[in-house]
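Presented below is the structure to which this report refers.
Chains as they are written, first to last, in this note's numbering: chain A, 1 to 461; chain B, 462 to 922.
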């Protein structure tokens, strides 16, 4: 074990600390071959590598500095921080609904404290209660860590296991489920669970945070309260994403799992409902539905857990001058489904027609979506679109490309017969295709501009 | 030649018309194996295929119906339309600026009339004057058709030729250039011309239309007037896109060629400036700058025409569970540049690290952008991002994925030396990287909501 002053550091990183006479919690300036970094040296998890120093910078972000690049370290001060969350027993109140929080990883789970100085999931009910005591006012919380992964590493295996886990929790009579998740690919998981868990009797709310809880602007506690409130008390028994709405801390928006997308890399108000309006506005105390046509809570309804996925599916994001090999390689490598994100109403260039035709001939299912993200595929408008239809491409209306990817993987695990695939793809399970965009669905609900919010609040009045 | 009542129809399509006793301009209901279509039978271009009937439906769209699928045609009426534009000589006024309109194809060019009953470019100055006589109040217009292609078929060859053509027109002393273009991949061409034509002394304005001029809601004439006014009279000597702003016919927005993207498949107000604000509001009579820091018109400035492109570049649009073969196939097929559109701050899953490392080792240039479209790549925040940096991925700040694709192709035609590529990619030529997003650049300028427009007009007051 390393000395306590060097918590968790080993190998080359430990040597560097010793060479320059600095320790964990030293406030330092580090000169490296890649530039100068300033910040507080954080403790390191024992499972982390032994070649990086981790600094917390003044902007709240952590930076990892490769030990071998370090030329000098100057200690400016010392800022020992105690991030340990006081753990207390989560109070149980028989009058309150029971919610299960399933953890998969991501910022909301992994940064709740820095006990070990590293990015590790810390996730017992007691810890959560210590961090966000308001949760006890909302529900009785049970937590279970399923994974500790960044959301970009979530995949079919995790989708299927989580779906089954949800089935078990519902079986056990829980009143609502919250899923803690990294934000990057949250919308992919939301789509997957929308298809794999149908007819849920209770709310299934996916939540994350864009800023870790040690940063002053963190959305972790607020999002968690909103999600738990929705799971415990709302009538909305669907797979939803509950994330920051406007740029101010006023409310979260609840998005349908099949119509939501991350639209900003760092803003807290990053999730947007596309081609529809959000289901509801949520605060830690209240859920205000915006849409009327959602599935209601019904404890007597039996959920349908359909956790299957064909992995050989891909997205081809069209760009001008795309060459036939892009399609040919997918076919050669055994892909069974291809989602094209075409330009405009659903177009690709002529040189792709022939490889697409061959792919379809070989039994590959090729579907078309639009990379504009908003709007419908309409392949009847131009000759070129009609040619593509004749080749056998299936247009997916206003299904988002990411959702089409998830749905095609799910459908192909049921059937590979083209007409059956077409039918399943074009039969909406939970609004992944909407009949008509609500007027101005494209434009409003962007939030953050006071005038827009006033407009929204007028609608809601 | 076919009989005049069957203008342009030949072969199976002609037989069907004769069988059911209907003609061009018959208002019909067509029963097919794919459903029933209602509309007016349009004339057909002689260069078009001989197996489709083309109907203009009541919503303004055309639909092509395969002759062999037709089971019955019932004539309801007859609606002969005369779309021929009276051609008059475009008046020349020595006091007015000279503008050259270069046509590449797309809706704005191809649907200005239906003389031949088909989608063909019709584009002489006289025809344009006949269709939009207001143009003569704005400038002296010279037109030249470079191509007649849908924009998804535009590519490096067309970019380079157009750039050289622009150089010649500037050489000839023109006061401004308008480029008529299909809307689908307009933003790709705008980016290409931003890099290939630098330091232009005059405005270069790309324009298109979302609805053809025979539809009541067409934006063709309005967009064309706005674009010509900008080219002729504005002080903004940059490569820009001039397209419909809000949902009402009030003004167009002028977008920087490197920061614009098509964001709705069918709306007229589809183009949006991302990660910045538009340069100006434009009407047929007036240009109102919103930004201050654009390049001013200066007839003494010499443009730099740098029309080169390396075609072996691709975009990889990350999705969860992406498999290594996606990267490996690109390397095997000889690609020299890969733009990854990662999730969140710029992430991909772990199984891709090794193939990416190998690609970089083999001299492939790999750059990272964000598929959220808004926001910056920030690869220092998580371990995973730092790992990717160590592998040799170059983060592209807030450059849009499509723009990174175009720029990487352009840069790789200059150098394949990594540090030189990095330097060129990260040195903005025209705001393809912006230092900081303007506050709320993400949120405002969506247009179309009266309250938002009021807000915008307040800013501009």
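Note that beta-carbon positions come from the ideal geometry of N, C-alpha and C, so glycine has one too.
Length of the line joining the Cα atoms of residue i and residue j
i	j	result
residue 334/A	residue 826/B	27 Å
residue 581/B	residue 195/A	The predicted model places residue 581/B with a pLDDT of 42, which falls under 50 and marks its position as unreliable; any figure quoted below should be read in that light. If you take the alpha carbons of residue 581/B and residue 195/A, they lie about 44 Å apart.
residue 320/A	residue 761/B	34 Å
residue 98/A	residue 313/A	38 Å
residue 893/B	residue 793/B	30 Å
residue 157/A	residue 168/A	17 Å
residue 411/A	residue 420/A	9 Å
residue 19/A	residue 42/A	17 Å
residue 883/B	residue 817/B	17 Å
residue 126/A	residue 90/A	5 Å
residue 758/B	residue 765/B	15 Å
residue 672/B	residue 564/B	17 Å
residue 13/A	residue 71/A	13 Å
residue 223/A	residue 621/B	50 Å
residue 76/A	residue 851/B	28 Å
residue 132/A	residue 221/A	6 Å
residue 105/A	residue 750/B	46 Å
residue 595/B	residue 686/B	7 Å
residue 51/A	residue 67/A	5 Å
residue 494/B	residue 530/B	5 Å
Host alpha helix (DSSP H) of residue i (start-end)
i	result
residue 291/A	Element bounds for residue 291/A: n/a, residue is neither H nor E.
residue 19/A	11-19
residue 598/B	596-599
residue 625/B	617-632
residue 126/A	125-131
residue 404/A	401-412
Distance cut-off 7 Å: residue i Cβ against heavy atoms of the ligand HEM
i	result
residue 738/B	Annotation note on the ligand HEM: not contained in the displayed structure, which lists no ligands.
Top-ranked residue by Cα proximity to residue i, from the options
i	options	result
residue 292/A	279/A, 175/A, 75/A, 275/A	279/A
residue 130/A	340/A, 161/A, 53/A, 88/A	88/A
residue 640/B	699/B, 598/B, 679/B	699/B
residue 174/A	150/A, 187/A, 228/A, 147/A	228/A
residue 346/A	356/A, 325/A, 379/A	379/A
residue 732/B	265/A, 285/A, 344/A	344/A
residue 294/A	304/A, 201/A, 28/A, 15/A	201/A
residue 725/B	646/B, 889/B, 600/B	646/B
residue 259/A	269/A, 266/A, 276/A	276/A
residue 269/A	165/A, 284/A, 251/A	251/A
residue 348/A	615/B, 600/B, 685/B	615/B
residue 874/B	715/B, 727/B, 797/B	797/B
residue 517/B	563/B, 879/B, 605/B, 505/B	505/B
residue 650/B	466/B, 694/B, 865/B, 598/B	865/B
residue 74/A	143/A, 367/A, 36/A, 95/A	36/A
residue 695/B	778/B, 599/B, 889/B	599/B
residue 833/B	869/B, 824/B, 813/B, 722/B	722/B
Unbroken beta strand (DSSP E) run spanning residue i, endpoints
i	result
residue 527/B	523-527
residue 317/A	313-317
residue 743/B	741-743
residue 73/A	70-78
residue 30/A	26-32
residue 722/B	721-723
residue 302/A	From DSSP, residue 302/A is part of no beta strand (DSSP E); its letter is neither H nor E.
Identify each residue in the region 151-162 of chain A for which the Cβ-Cβ distance to at least one residue of chain C is less than 8 Å, and report them in chain order.
Going by chain labels, chain C is absent from the structure shown, which instead holds the protein chains A and B.
May I ask you to list, following chain order, the residues of the region 717-729 of chain B that have a beta carbon less than 7 Å from some beta carbon of chain A?
723, 724, 725, 726, 727, 728
Members of the region 385-408 of chain A near chain B, C-beta cut-off 7 Å:
386, 402, 405
Contiguous alpha helix (DSSP H) assignments of at least 4 residues, all confined to the region 175-255 of chain A:
186-196, 220-233
Mind pulling the alpha helix (DSSP H) runs of 4 or more residues that sit fully within the region 326-380 of chain A?
353-361
Cβ-based contacts, 7 Å cut-off: residues of the region 474-508 of chain B near chain A:
none
Along the region 799-816 of chain B, where does the CB come closer than 8 Å to a CB of chain A? Name the residues.
802, 803, 804, 805, 806, 807, 808, 809, 810, 811
Closer than 9 Å, Cβ to Cβ, to anything on chain A: give me those residues from the region 818-845 of chain B, in chain order.
831, 832, 833, 834, 835, 836, 837, 838, 839, 841, 842, 843, 844, 845
Pull out every residue of the region 871-893 of chain B whose Cβ sits closer than 8 Å to any Cβ of chain A, in chain order.
none
Interface residues of the region 299-326 of chain A facing chain B [CB-CB below 9 Å]:
309, 311, 312, 313, 314, 315, 316, 317, 318, 319, 320, 321, 322, 323, 325, 326
Given a limit of 7 Å on CB to CB distance, which residues of the region 175-196 of chain A reach chain B?
183, 184, 185, 188
Residues in the region 267-281 of chain A having any Cβ partner in chain B nearer than 9 Å
267, 269, 270
Give me the subset of the region 513-538 of chain B whose CB atoms are less than 8 Å from a CB atom of chain A, sorted by chain position.
513, 522, 523, 524, 525, 527
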